[in-house]
Every structure is written in structure tokens, then in C-alpha cells.
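Here's the structure, in C-alpha cells; my notes come after.
Protein chains: 2
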Amino acid sequence: MKKKVSIGIDIGGTNTIYGILDREGNFLAQGQIPTKDHQEIEVFLAALNEKIRLSLRNLNNRIIVEGIGIGAPMGNINKGTIEYSADLPWKGIIPLADLFKEFTNLPVIVTNDANAAAIGEMIYGGAKGMKNFVVITLGTGLGSGFVVNGELVYGHDGFAGELGHTTIRPGESNRQCGCGRKGCLETYVSATGIKRTLFKLMGDMIDDSPLKGVSFNDLNASMISDAAKEGDKIAIRAFEHTGRMLGFKLADVVAHTNPEAIFLFGGLALAKDLIFEPTRKYMEENLLSVYKGKVKLLLSKLNSQNAAVLGASALVWNNIENGDAKKISI
Amino acid sequence: MKKKVSIGIDIGGTNTIYGILDREGNFLAQGQIPTKDHQEIEVFLAALNEKIRLSLRNLNNRIIVEGIGIGAPMGNINKGTIEYSADLPWKGIIPLADLFKEFTNLPVIVTNDANAAAIGEMIYGGAKGMKNFVVITLGTGLGSGFVVNGELVYGHDGFAGELGHTTIRPGESNRQCGCGRKGCLETYVSATGIKRTLFKLMGDMIDDSPLKGVSFNDLNASMISDAAKEGDKIAIRAFEHTGRMLGFKLADVVAHTNPEAIFLFGGLALAKDLIFEPTRKYMEENLLSVYKGKVKLLLSKLNSQNAAVLGASALVWNNIENGDAKKISI
Chain A
1 MKKKVSIGID IGGTNTIYGI LDREGNFLAQ GQIPTKDHQE IEVFLAALNE KIRLSLRNLN
61 NRIIVEGIGI GAPMGNINKG TIEYSADLPW KGIIPLADLF KEFTNLPVIV TNDANAAAIG
121 EMIYGGAKGM KNFVVITLGT GLGSGFVVNG ELVYGHDGFA GELGHTTIRP GESNRQCGCG
181 RKGCLETYVS ATGIKRTLFK LMGDMIDDSP LKGVSFNDLN ASMISDAAKE GDKIAIRAFE
241 HTGRMLGFKL ADVVAHTNPE AIFLFGGLAL AKDLIFEPTR KYMEENLLSV YKGKVKLLLS
301 KLNSQNAAVL GASALVWNNI ENGDAKKISI
Chain B
1001 MKKKVSIGID IGGTNTIYGI LDREGNFLAQ GQIPTKDHQE IEVFLAALNE KIRLSLRNLN
1061 NRIIVEGIGI GAPMGNINKG TIEYSADLPW KGIIPLADLF KEFTNLPVIV TNDANAAAIG
1121 EMIYGGAKGM KNFVVITLGT GLGSGFVVNG ELVYGHDGFA GELGHTTIRP GESNRQCGCG
1181 RKGCLETYVS ATGIKRTLFK LMGDMIDDSP LKGVSFNDLN ASMISDAAKE GDKIAIRAFE
1241 HTGRMLGFKL ADVVAHTNPE AIFLFGGLAL AKDLIFEPTR KYMEENLLSV YKGKVKLLLS
1301 KLNSQNAAVL GASALVWNNI ENGDAKKISI
């Protein structure tokens, strides 16, 4: 008997990764193409489709593909579009599902990459059995996926869960965001955000740090994490400030939807205590008493290498199992 | 044939109002008792029960009571409790549903007063047919009820929707909140909040205003509203500031759950343009482009005199119609 599989695609700012997975989340094949190098969406999709086609050919006669799930920044499940993403090379509204129809007759489901991660966490990760939780993805930007009463929150227009673009305080902030506004949470809390914080702190603090020998362009978040682990005061302060901003806004998340747990996912989350301790401290500090000590702040249980693809592929199973045909654009 | 009715009770900081209503939301009887005068919950409930019993006696033989719905600040649907309310005379955890059992065998459903208002808006008001919306109640404090995918969001512990206790900015604020913290949204956006803003503005501005002849204790929000309508600059500025704070935090609400509409309910909302215009302006200013111009900011369609009671009574029908027995504490 042929094995039922789904194709999961994670479109990121730098690379696009895909996988062919069974219902248990096992990868039968995977691959990637660079996103950045393709300034035209049609060329990008043709290249991606060609790669996937080769992978499928190698599995020939052994599988039935049930659908394609795509996670992308500003992906919209209602319309199958990517809309005004600040992180991708394609501007405006991209009718992704429709464009994909040129290549396939399969159902194509498009959503926000963080929503895909939340579905993945629910089906394969630490949120199994939970009805109310939130996943925060910390990559180049900050994404979020909310699950309420066991269902992903898409909202009226399909754009729920943009925690990265809530702002830190009323009025002007110095931090410009790729979205065109200022002071968005992701300008503080993301791989890019902590780098910006570190550079501001290097302007304020006189402590020695090997990071003072690295340019803005060369620095990345894991260098900050490594330095902090070796006791670098500026790097530690940068994590503290990042956790302070995240904890502050997570307290709002709790007041809105009162989740059982909040999962942190992605590069920064792997810094563990460095990010979890200040985040937990400032979240608790900002919580109303009825919530204090009750909301779990957890590391995602999905392997971060594959999680976005796993989540995207899980969209297909989630859709089939919920019989939610209206959310499938063909 | 006897008419099926439910009893709706709205426990407010000042008064507790109840109504006996049919499924169409018609009041067959109503009444109230002062909340503040009863420092002991048992005495309060005995007095309330006695009043309701008399109302029921007058309707004798014509009705069947299906249940009792109670909206109260910090009301918890899972446990039937009121927990640590800053607005009521009873401190700590009050096992409201259990205490009510002394008087009745009917199902008793307890929730947050703003959640009750949201259910009322969905069943009888402007949110009929909407699947994703938020109701903001502006009274002595600020409450909120979130509806996602057609269901009220209670969250894991039953305390979702405490927008009034999200904070305006990270770090210290001057405004003390009844909840023991500082800078909560309701210290700015509520009948009390706008009064506090007005008094701070009277310290800053040299414009003449008849409100300068009124003490803090004597001033109320409708006096500020009346003054603003007559062009009082300080009062107008107070509304502007109130709308700025509300709009700022509503932008977060949109980024979290992407509702179709946000309803404003209660005294301050009746100031119409005075509050709606700045709120809409600052909400739009803080929205990510994908949301701009899409979220309706509407005046509640429930008559504010009766709305909280209507909402509380609607809890009973909502429960019966969803067959959601687990949410009924007997």
C-alpha cells in the first residue's frame, strides 16, 4: 500500500526549505533553495517546484501526496496569499496558492510561518493535548501563533498572531521596523533585535568585550549568546533587555487569551536560561495576580532545524482531520 | 404553556442588578440591591436571593427558570468563583456558585462581566453573525470579552480578557491601579481613568474650565463629557488622551486576534465621537498595514442600562444551546 504524505514548505527570508513527510512526521525527503536569490516570485516557484519534483520522483510509486502546506511571513490562510511581507523579496500581495496551481493539482494551504509552527507544536511537539497555548518564533523577526479552544486563531482577515508588530510604548521610538513603523516588538526581540540592543549598549557601557571587535554586519545572535555564556557583561545585559521587552508583551498575551503555556521557538530560544530567565521574570512582574505563577514558559519541543517544515506539513493533516475544506485553496 | 426564562445578574462595584428574561431578551421583571453596603458575601447573597424570590413569586406559575447567569468582575467560569476583584467589597477567592447553592437548585454560571457583555452582544446586539470580535466595557474599570471562531475565549484558567490590566509601557508608571500594580490600561481608560487624566491636565494647562470648580470626589465622567461638548479645552484633551491610550492597546488586540469588529460599551462609549475619534485615530496609527482600515470600531448595540443583565442571562441560553454542560456549576 502506498504511504500517504504531505509536503511542508517553509519560506524564510534567506532560504526556503521543504520536506516530504508521513503522518508521523518522518521525513522521506527534504531539500532547500535560496529565497533571496529569486527576486521574481514566478522564477522562485518554478525553481522550488523543480526541486520538489525531483525529490518526488525518487519516491516514485511509494507515496500518495495529500496536499502542500506552506508557512511564510504574512501568509494568509483565507486567500492563499503572502501580503506585504517585510522579510521576503516580493512586495505587495503575492497570490501564492494561485501561482502554485500552475505546477500542481494538489490542495495548497498557505499560512503565517508562526501559525504553522503552532500547528506543528500541537501535533508533534510539547503542546500535545493542550487547548490554549501560544508559540513565539524567534528568528530574523518575531512571529506568533495563538491556539484557543483547540483551534488556531486566524481572525477575521486571516492575519491574527502578529505579536512581532505590536509596539512597546505609546509615542515615538527610535527603532525603525522593516514594516515601516517604529518600536515594534521584533525590533527588540529577534536575532536582529538583540544585535541592535547590543550595539546600543556598546554605546552606553565601557566594559571590555570581544564583541567590540565585530562589525554590525558580521555579528549574529549566537555570537552574543556565546559571549554571554562566558560572562560578557554587555552581552548579558543585551539578553536581559531582550527578555524584559518580551516578558512585558507576553504579559499582554496572557491577559488577552490566558494560555496554559507559551512556547519559545527558534535561535534565541536555544540560548535557554539567558533568554528564559529575564523573560519569565518580567512577564511575572507584569501579570495580574490571578495569572501569576500559572503560565508555563517552555522551550519548543520541535527540532528547530526541521520544525517550520514539520509545522507546514502538519497544516495538511490538521485540515484533513478537521474536515475544514473551506481553508483549502486549490 | 409556561415560558422558559433565565435570571441574569450583574454584580457591579456600586450596585447589583438582576433581571428575569425570556429567550428573546424581554425583561419580565427586574430589580437591584446595593453591592457596596454588603461587606459580607453571605449577607449580600441572602439579600439578593430574597429580592429575586419576590420577583419570581409575582410571576408565579407562568415561568420555568432554566438557570442563573452571573457577570462579575474577575468572575471565573471554570470554578464559579470571583477571584481577587479590586472593584468589589469581598477580598480573596469567593466561591460564588457554591454559596448560591444554599438558595437554589438551579445551574449557576459565573463569568467576567465583560464576557457576559460579549455573549449579550453576540446573541442580542451588533455582533450577531460575527465569529471574531471583542467587546470593551468602559465603566468604573475597563473589561473585555474576546470571541474567536464563534466562541468566547475563557483561556486555560478561565481568566482570559483582562485588557484593563495590561500595562501601557515597560517600567514604572505614576498611576496606581486597584489591582496593586501600576500603569494598567484601566487607570487611563475608564470613568475613573479619564477623571484622573483630567486632574493631571488641570495641573498642566492654564485654560479656564468650570471643572476647575469641582472636587475630585464630586467629578464624574459625564461632567467631563458635557464640558467637552461645550468646547472645554481641558476636557477635550482628556478625551484625546484617553482615546490615545485605548487606541494604542486596541492595536495590540488586533495584532493578537484580528477581530472583525471591536465594540465599545458603557458610559464613556456614550460620549460617541469624543472617544471614538481619538481611539480610531491612534488605533489605526499603531496598526500594521495589513490591518489598516479593516477593523470596525463600533458602539455596542445593547442598551447600556440593561446590557450587563441581558448578557448574564444570555450565558444560560448560550450554555444550553452549546450543550456545554461542563461549564455549568450546580
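Listed in order, the protein sequences are those of chains A and B. All residue numbers for the first sequence refer to our numbering, where the first residue is 1 and numbers rise by one. All residue numbers for the second sequence refer to our numbering, where the first residue is 1001 and numbers rise by one. Every residue, glycine too, gets a C-beta built ideally from N, C-alpha and C. Every value quoted in this text rests on a predicted model; they were computed, and no experiment measured them.
By the C-beta criterion, the region 20 to 40 of chain A is judged to be in contact with the region 57 to 75 of chain A, since at least 3 inter-stretch pairs fall below 8 Å. For a Cβ distance threshold of 7 Å, nothing in chain A lies close to B/L1298: the least Cβ distance comes to about 13 Å. Rounded to whole angstroms, A/T166 and B/D1252 show a C-alpha spacing of 5 Å. Shown here for B/C1177: same chain residues with a beta carbon closer than 8 Å to its own, the five before and five after excluded, namely A1086, H1165, G1183, C1184, E1186, T1187 in chain order.
DSSP places A/G161 in the coil class of the three-state scheme, outside both helix and strand. Sequence-distant Cβ neighbours of A/I168 in its own chain, meaning closer than 7 Å and more than five residues away, are G183, L185, Y188, M245. No Cβ of chain A is located within less than 8 Å of the beta carbon of B/I1109. Taking a beta-carbon distance threshold of 8 Å, B/L1099 does not count as an interface residue toward chain A.
Burial is judged here by how many other beta carbons sit within 10 angstroms of a residue's own beta carbon; A/L54 has fewer than 16 and is exposed. Within the region 252 to 280 of chain A, the residues whose Cβ lies closer than 9 Å to any Cβ of chain B are, in chain order, D252, V253, V254, A255, H256, T257, N258, P259, E260, A261. With a contact defined as Cβ atoms closer than 8 Å, A/F265 and A/A117 qualify at about 6 Å. Not flagged as an interface residue toward chain A: B/D1226, since no C-beta distance is shorter than 8 Å. Per DSSP, A/P170 lies in no beta strand (DSSP E) and is assigned neither H nor E.
Non-local beta-carbon contacts of A/T35 in its own chain, meaning distances under 8 Å to residues more than five positions away in sequence, involve I11, G12, G13, T14, N15, T16, F44, L88, P89 in chain order. For a Cβ distance threshold of 7 Å, residue set N149 of chain A lies close to B/E1151, ordered along the chain. Separation of A/Q39 and A/I94 (C-alpha to C-alpha, rounded to the nearest whole angstrom) is 13 Å. In this structure, A/V135 is the residue among A/I320, A/G19, A/V135 with its C-alpha nearest to the C-alpha of A/L298. The region 1121 to 1133 of chain B and the region 1143 to 1160 of chain B touch, with three or more beta-carbon pairs separated by less than 8 Å. The Cβ of A/H38 sits no closer than 8 Å to any Cβ of chain B.
Across the region 1065 to 1081 of chain B, CB contacts with chain A closer than 9 Å involve M1074, N1076, in sequence order along the chain.
A/Y18 is bridged by DSSP to A/I9, A/G31. For A/E50, there are no C-beta contacts with chain B under 7 Å, since the nearest C-beta of that chain is about 31 Å from it. In this structure, the alpha-carbon of A/I70 lies about 23 Å from that of A/L268. Here B/G1129 carries a coil assignment [DSSP, helix/strand/coil].
Counting only runs of at least 4 residues, the region 1019 to 1097 of chain B fully encloses the following alpha helix (DSSP H) elements, listed from N- to C-terminal order: 1041 to 1058. Rounded to the nearest whole angstrom, the C-alpha separation of B/G1231 and B/L1274 is 11 Å. DSSP places A/K296 in the strand class (E or B) of the three-state scheme.
Counting of Cβ neighbours within 10 angstroms places B/G1203 among the exposed residues, the total staying below 16. A contact between stretches requires three or more CB pairs, one per stretch, nearer than 8 Å, and the region 98 to 115 of chain A fails this requirement with the region 282 to 289 of chain A. Rounded to the nearest whole angstrom, the C-alpha separation of B/V1316 and B/S1006 is 7 Å. Using a CB distance cut-off of 8 Å, A/M245 counts as an interface residue toward chain B. For A/I262, DSSP records a beta bridge to A/V134, A/L297. B/F1103 is positioned such that its CB atom lies closer than 8 Å to that of B/N1049. DSSP, reduced to helix, strand and coil, places B/T1279 within a helical segment of the structure shown.
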